[in-house]
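Novice: Residue numbers (full-length UniProt numbering): 1 to 185.
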Amino acid sequence: MADSDFPGWHGTTIIGVRKGGSVVVAGDGQVSLGQTVIKGTARKVRRLSPGGYDVVAGFAGSTADAFTLLERLEAKLEATPGQLQRACVELAKDWRTDKYLQKLEAMLIVTDGAELYIVTGAGDVLEPEHDVAAIGSGGNYALAAARALMDGDGDAESVARRAMAIAADICVYTNGNLTVETISK
Numbered sequence: 001m002a003d004s005d006f007p008g009w010h011g012t013t014i015i016g017v018r019k020g021g022s023v024v025v026a027g028d029g030q031v032s033l034g035q036t037v038i039k040g041t042a043r044k045v046r047r048l049s050p051g052g053y054d055v056v057a058g059f060a061g062s063t064a065d066a067f068t069l070l071e072r073l074e075a076k077l078e079a080t081p082g083q084l085q086r087a088c089v090e091l092a093k094d095w096r097t098d099k100y101l102q103k104l105e106a107m108l109i110v111t112d113g114a115e116l117y118i119v120t121g122a123g124d125v126l127e128p129e130h131d132v133a134a135i136g137s138g139g140n141y142a143l144a145a146a147r148a149l150m151d152g153d154g155d156a157e158s159v160a161r162r163a164m165a166i167a168a169d170i171c172v173y174t175n176g177n178l179t180v181e182t183i184s185k
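(1) Does the beta-carbon of Glu-78 have 16 or more other beta-carbons within 10 angstroms, so that it is buried, or is it exposed?
(2) How long is the line joining the alpha carbons of Ala-142 and Ala-87, rounded to whole angstroms?
(3) Would you call the CB atoms of Val-172 and Ser-32 closer than 9 Å?
(4) Looking at the strands, I want to know which residues DSSP matches up with Ala-60.
(5) Cβ atoms of Tyr-117 and Leu-108: under 9 Å apart, would you say?
(6) If we call anything under 9 Å between Cβ atoms a contact, is Asp-112 one with Lys-185?
(7) Considering only residues of the same chain and omitting the five flanking positions on each side of Thr-80, which have a CB-CB separation below 8 Å?
(8) Name, in chain order, the residues that DSSP records as bridge partners for Gly-27.
(9) Suppose you measure from the CA of Gly-58 to the CA of Ala-148; what does that come to, to the nearest Å?
(10) Look at the alpha carbon of Val-24 and the alpha carbon of Asp-151, and state the distance between them as a whole number of angstroms.
(11) Taking only beta-carbon positions, decide if Ser-32 is within less than 9 Å of chain D.
(12) When DSSP labels each residue in this structure, what does Ala-133 get in the three-state scheme?
(13) Can you grab the Cα-Cα spacing for the pair Val-110 / Ile-38, in whole Å?
(14) With DSSP as the reference, please indicate the residues paired to Thr-36 in a beta bridge.
(15) Quick check on this structure: which residue in Ile-15, Gly-16, Gly-20, Thr-13 has the alpha carbon closest to the alpha carbon of Asp-153?
(16) Which of the three DSSP states, helix, strand or coil, is assigned to Tyr-141?
(17) DSSP three-state call for Ala-167: helix, strand or coil?
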């Protein structure tokens, strides 16, 4: 099968919601190859604790690439303890300029319970408006749903769970098997 014929891996919806003094990062568990679900229980949201400094990260894209980026992020956090923004900017700089890292295909949502960022290989470190960040196949569906739910009752976790359920109903590359991590500053 030629590369152009390869159906490609699809999957993942990751959302970060900041509300009421805490941040929740939730991710679905589906990984698809073309039209086939390969795995429904992948864990794409992780808690990192470099030097005792808690950070939660969720990733969309290639798993091996994402793990490489998470390792690099941990190293940046160890070098700049308590400075999430600086660590994310340093990671984005490396990702954009390093010939090896440039080939990595993934995106990250990262939070320490106060700050919330999307980090991309284009060198972007974005702090989302409206306290909601989303990436992946169903990211736009989850983002729209969460923004609509933010003014209502419910904490960050209930908003994230409801938004992910809506995304799973719409996006064929998203399922309802969630990994949810909550962090407060």
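No residue lacks a Cβ here, since even glycine has one placed at the ideal position from N, Cα and C.
Specialist: According to the structure data:
(1) The count along the sequence shown starts at 1 and reaches residue 78 at position 78. Per the 10 Å Cβ criterion, exposed.
(2) In the sequence shown, the residue the question calls residue 142 occupies position 142. In the sequence shown, the residue the question calls residue 87 occupies position 87. Straight-line Cα distance between these residues: approximately 26 Å.
(3) Translated into positions along the sequence shown, residue 172 becomes position 172. Translated into positions along the sequence shown, residue 32 becomes position 32. In this structure, Ser-32 lies closer than 9 Å to Val-172 by Cβ.
(4) Here residue 60 refers to the residue found at position 60 of the sequence shown. Residue pairing by DSSP places Ala-60 opposite Met-107 in a beta bridge.
(5) Residue 108 sits at position 108 when you count from the first residue of the sequence shown. Residue 117 sits at position 117 when you count from the first residue of the sequence shown. With a cutoff of 9 Å on beta-carbon distance, Leu-108 and Tyr-117 are scored as near each other.
(6) Locating residue 112 in the sequence shown gives position 112, where the first residue counts as 1. Locating residue 185 in the sequence shown gives position 185, where the first residue counts as 1. Yes.
(7) By 1-based counting over the sequence shown, the position of residue 80 is 80. Here the set comprises Arg-86, Ala-87, Glu-90.
(8) As a working mapping, residue 27 is identified with position 27 in the sequence shown. Paired residue(s): Ile-14, Thr-179.
(9) Residue numbering aside, residue 58 sits at position 58 when the sequence shown is read from its first letter. Residue numbering aside, residue 148 sits at position 148 when the sequence shown is read from its first letter. If you take the alpha carbons of Gly-58 and Ala-148, they lie about 22 Å apart.
(10) Residue numbering aside, residue 24 sits at position 24 when the sequence shown is read from its first letter. Residue numbering aside, residue 151 sits at position 151 when the sequence shown is read from its first letter. C-alpha of Val-24 to C-alpha of Asp-151: approximately 16 Å in a straight line.
(11) The structure shown contains no chain D; it holds only a single protein chain.
(12) The residue labelled residue 133 in the question sits at position 133 within the sequence shown. Of the three classes helix, strand and coil, the one that applies to Ala-133 here is strand, per DSSP.
(13) Residue 110 sits at position 110 when you count from the first residue of the sequence shown. Residue 38 sits at position 38 when you count from the first residue of the sequence shown. Taking the straight line joining both Cα atoms gives about 26 Å.
(14) Start at 1 with the first residue of the sequence shown, and residue 36 comes out as number 36. Per DSSP, Leu-33.
(15) Here residue 153 is taken as the residue at index 153 of the sequence shown, counted from 1. Of the listed residues, the one whose Cα sits closest to Asp-153 is Gly-20.
(16) Translated into the one-based positions of the sequence shown, residue 141 becomes position 141. If DSSP states are grouped into helix, strand and coil, Tyr-141 belongs with the helices.
(17) In the sequence shown, the residue the question calls residue 167 occupies position 167. In this structure, Ala-167 counts as helix in the three-state DSSP scheme.
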